[in-house]
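Trainee: The following block contains the structure, expressed as structure tokens.
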Amino acid sequence: DQQVKQNSPSLSVQEGRISILNCDYTNSMFDYFLWYKKYPAEGPTFLISISSIKDKNEDGRFTVFLNKSAKHLSLHIVPSQPGDSAVYFCAASAGGGADGLTFGKGTHLIIQP
Amino acid sequence: DAGVIQSPRHEVTEMGQEVTLRCKPISGHNSLFWYRQTMMRGLELLIYFNNNVPIDDSGMPEDRFSAKMPNASFSTLKIQPSEPRDSAVYFCATTETGGQETQYFGPGTRLLVL
Numbered sequence: 196d197q198q199v200k201q202n203s204p205s206l207s208v209q210e211g212r213i214s215i216l217n218c219d220y221t222n223s224m225f226d227y228f229l230w231y232k233k234y235p236a237e238g239p240t241f242l243i244s245i246s247s248i249k250d251k252n253e254d255g256r257f258t259v260f261l262n263k264s265a266k267h268l269s270l271h272i273v274p275s276q277p278g279d280s281a282v283y284f285c286a287a288s289a290g291g292g293a294d295g296l297t298f299g300k301g302t303h304l305i306i307q308p
Numbered sequence: 004d005a006g007v008i009q010s011p012r013h014e015v016t017e018m019g020q021e022v023t024l025r026c027k028p029i030s031g032h033n034s035l036f037w038y039r040q041t042m043m044r045g046l047e048l049l050i051y052f053n054n055n056v057p058i059d060d061s062g063m064p065e066d067r068f069s070a071k072m073p074n075a076s077f078s079t080l081k082i083q084p085s086e087p088r089d090s091a092v093y094f095c096a097t098t099e100t101g102g103q104e105t106q107y108f109g110p111g112t113r114l115l116v117l
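Just so you know, the protein sequences line up as chains A and B, in that order.
In this text, residue positions in the first sequence follow the numbering used here: the first is 196, and each later residue adds one.
In this text, residue positions in the second sequence follow the numbering used here: the first is 4, and each later residue adds one.
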């Protein structure tokens, strides 16, 4: 049973618009959430994170929102740029993050010119 | 810093052969994680080490898989004997202390077992 779910395998967004990537989780013990970005033939690279004590974290064009009651988080990218085209993974950890990460299957974001 | 280094980047082998994947963590990082990525299951944690000690290997799929970390600057993931279903991309990731910190991933090893 998948504990972290990204229900959209792909998403196409026009350049300059907002990209919204969604993630749901089932494990109530998760207390730290991250988004990773992955280009082909490379390892995932960290993008942004949020602790369960917060409901929003912002870093430049990237904002992550956490809704604990709904067990849902989302990543907003504004404005979207061609270089944002990649696969985005949602990940979660429990126990203060000392354990490994549980990943979703990823969403392939395509930014169209 | 060179980042997490993995070798080889690509490996093609025949069923039944032994495969050894290698990882060199970022200097000073004390926690090391091995992940596997497949189309069906996505990215899965296989095993992780803190200060060279295996902490949780519950993600290791079978006894054919083993991992070691003989010192702070080197880890191996071994598959013996390999099977076609082991074909995947294997990633190594490291963090400084294993707390709520960013995990830095290597470029991965793409394994194909024929």
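Built from N, CA and C at the ideal position, the CB exists for glycine as well.
Counting only beta-carbon separations shorter than 8 angstroms, does TYR93(B) have a partner in chain A?
Mentor: Not an interface residue.
Trainee: Among residues of its own chain, excluding the 5 on either side of GLY270(A), which ones have a beta-carbon nearer than 6 angstroms to its beta-carbon?
Mentor: Here the sequence assigns Leu to residue 270(A), which means Gly is not the residue at that position. Excluding positions up to five away in sequence, the list reads LEU216, TRP230, VAL259.
Trainee: Please work out which residues of its chain come closer than 6 angstroms, Cβ to Cβ, to THR41(B), disregarding the five sequence neighbours upstream and downstream, and give them in chain order.
Mentor: ALA91.
Trainee: Check each residue of the region 228-244 of chain A: if its Cβ is closer than 9 angstroms to any Cβ of chain B, include it; give the result in chain order.
Mentor: Of all residues in the region 228-244 of chain A, LEU229, TYR231, LYS233, ALA236, GLU237, GLY238, PRO239, THR240, PHE241, SER244 have a Cβ within less than 9 angstroms of some Cβ in chain B.
Trainee: If ALA96(B) and PHE36(B) are in contact, beta carbons under 8 angstroms, what's the gap, nearest whole angstrom?
Mentor: Contact flag correct, Cβ pair sits at about 5 angstroms.
Trainee: So ARG39(B) is in the beta strand (DSSP E); what residue range does that whole segment cover?
Mentor: Taken as a continuous stretch (DSSP letters only), the beta strand (DSSP E) holding ARG39(B) covers 34-41.
Trainee: List the whole-angstrom C-beta distance separating GLU14(B) from THR98(B), where the pair is believed to meet the contact cut-off of C-beta under 8 angstroms.
Mentor: With 8 angstroms as the limit, GLU14(B) and THR98(B) do not qualify as a contact, their Cβ atoms being about 26 angstroms apart.
Trainee: Ordered along the chain, which non-local residues of its own chain (more than five positions away) have a Cβ less than 8 angstroms from that of SER247(A)?
Mentor: Only PHE225, ASP226, TYR227, PHE228, LEU261, LYS263 meet the Cβ criterion.
Trainee: Return the bridge partner residues of GLY45(B) from the DSSP annotation.
Mentor: According to DSSP, GLY45(B) bridges with THR41(B).
Trainee: Under DSSP, the beta strand (DSSP E) around TYR231(A) begins and ends at which residues?
Mentor: 225-233 is the span of the beta strand (DSSP E), which, as asked, contains TYR231(A).
Trainee: What are the partner residues of ILE305(A), as DSSP defines its beta bridges?
Mentor: DSSP, once it has assigned bridges, lists SER207(A) as partnering ILE305(A).
Trainee: Residues of chain B with CB closer than 7 angstroms to the CB of GLY255(A), please, in chain order.
Mentor: None at all; the shortest Cβ gap to chain B is about 16 angstroms.
Trainee: Give every residue of the same chain whose Cβ lies closer than 8 angstroms to the Cβ of ASP60(B), excluding the five residues on either side of it in the sequence, and list them in chain order.
Mentor: So the list reads LEU49, ILE50, ALA70, once near-sequence residues are dropped.
Trainee: Measuring from the CB of SER269(A), is there a heavy atom of the ligand ADP at a distance below 7 angstroms?
Mentor: Because no ligand of any kind appears in the structure shown, any question about the ligand ADP cannot be addressed here.
Trainee: Have a look at GLN201(A) and PRO277(A) and give me their C-alpha separation to the nearest angstrom.
Mentor: When rounded, the distance between both Cα atoms is 22 angstroms.
Trainee: Note down, in chain order, each residue of its chain lying with its Cβ closer than 7 angstroms to the Cβ of GLY62(B), except the 5 sequence neighbours on either side.
Mentor: Counting only Cβ-Cβ distances below 7 angstroms, and skipping sequence neighbours, we find GLU47, LEU48, LEU49, ILE50.
Trainee: Please name the residue, chosen from THR297(A), LEU304(A), TYR220(A), that lies closest to TYR283(A) on a Cα-to-Cα basis.
Mentor: Out of THR297(A), LEU304(A), TYR220(A), LEU304(A) has the C-alpha closest to the C-alpha of TYR283(A).
Trainee: So with CB distances below 9 angstroms, who are the chain A contacts of GLY31(B)?
Mentor: Near GLY31(B) there are no residues of chain A at all, since even the closest Cβ is about 17 angstroms away, more than 9 angstroms.
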